[in-house]
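Written out below as structure tokens is the structure these notes cover.
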Amino acid sequence: MTERRTKADWAQQINELVDVRYPEVERIVLVMDNLNTHIPASLYEAFEPAEARRLAEKLEIHYTPKHASWLNMVEIELSVLSRQCLDRRVPDFETLRAEVEAWQERRDAAGDKIDWRFNTEDARLKLKRLYPSFQE
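For the sequence shown, counting from 1, position 96 maps to 96 in my numbering; every step adds exactly one.
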């Protein structure tokens, strides 16, 4: 969690992901939204070219569709966060960060997850106009 969502902020998060959280892995697969800062070019704006390239080569980026069920899942998760953790005034950013991290650790430890019920069959019916039509 950062105060802003700039290219430099994203690049710093990637640097931490590669060098601090997963330094031993060969490749990191990221599934990300299409925010304009979430691009390898952001690394080149934040770091020297050799360092940016090193970081970028560790990543395998998959962008999610702009209109997909993952957005609904994120909204549900944020709603749970709001109800369970942010249902009061938080005095400053550091307190907010600590509260959210503690909430996330408890949620992860408990194995809590979203029970997503929108399945492939439902999608085919609801999004029929997006699927190709084959004539026999």
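The C-beta atom is built at its ideal place from N, Cα and C for all residues, glycine as well. These figures come from a predicted structure and were not determined experimentally.
Local Cβ density within 10 Å of isoleucine 14, reported as buried at 16 or more and exposed below that
Here isoleucine 14 is buried. Its C-beta has 16 or more other C-beta atoms within 10 Å.
Within its chain, find whatever has a CB closer than 8 angstroms to the CB of threonine 6; leave out the 5 residues flanking it on each side and keep chain order.
When the five nearest sequence neighbours on each side are left out, the beta carbons in the same chain lying within less than 8 angstroms of the beta carbon of threonine 6 are those of Thr37, in order along the chain.
May I have a chain-ordered list of the beta strand (DSSP E) segments no shorter than 3 residues that lie completely inside the stretch 29 to 83?
Listed in chain order, they are 59 to 63.
Alpha-carbon spacing of arginine 107 relative to cysteine 85, whole angstroms
Straight-line Cα distance between these residues: approximately 11 angstroms.
Just reading off the alpha helix (DSSP H) that glutamate 105 is part of, what are its end residues?
It spans 93 to 110 - the alpha helix (DSSP H) in which glutamate 105 sits, taken as one unbroken run.
Is the stretch 10 to 30 touching the stretch 43 to 55, taking contact as three or more C-beta pairs under 8 angstroms?
Yes, since at least three Cβ pairs between the stretch 10 to 30 and the stretch 43 to 55 fall closer than 8 angstroms, the two stretches touch.
Cβ pair valine 31, threonine 64 closer than 9 angstroms
Here valine 31 is near threonine 64, since their CB atoms are less than 9 angstroms apart.
Beta-carbon contacts of leucine 96 that lie in its chain and below 7 angstroms, excluding the five residues immediately before and after
Here leucine 96 has Val90 as same chain residues with Cβ atoms under 7 angstroms from its own Cβ, once five neighbours each way along the sequence are excluded.
Identify which residue in Ile76, Glu105 and Ala41 has its Cα closest to the Cα of leucine 59.
Looking at the Cα atoms, Ala41 is the closest of the given residues.
Between Asp33, Val29, Glu121 and Ala56, which has its C-alpha nearest methionine 73's C-alpha?
Here the closest residue by C-alpha is Asp33.
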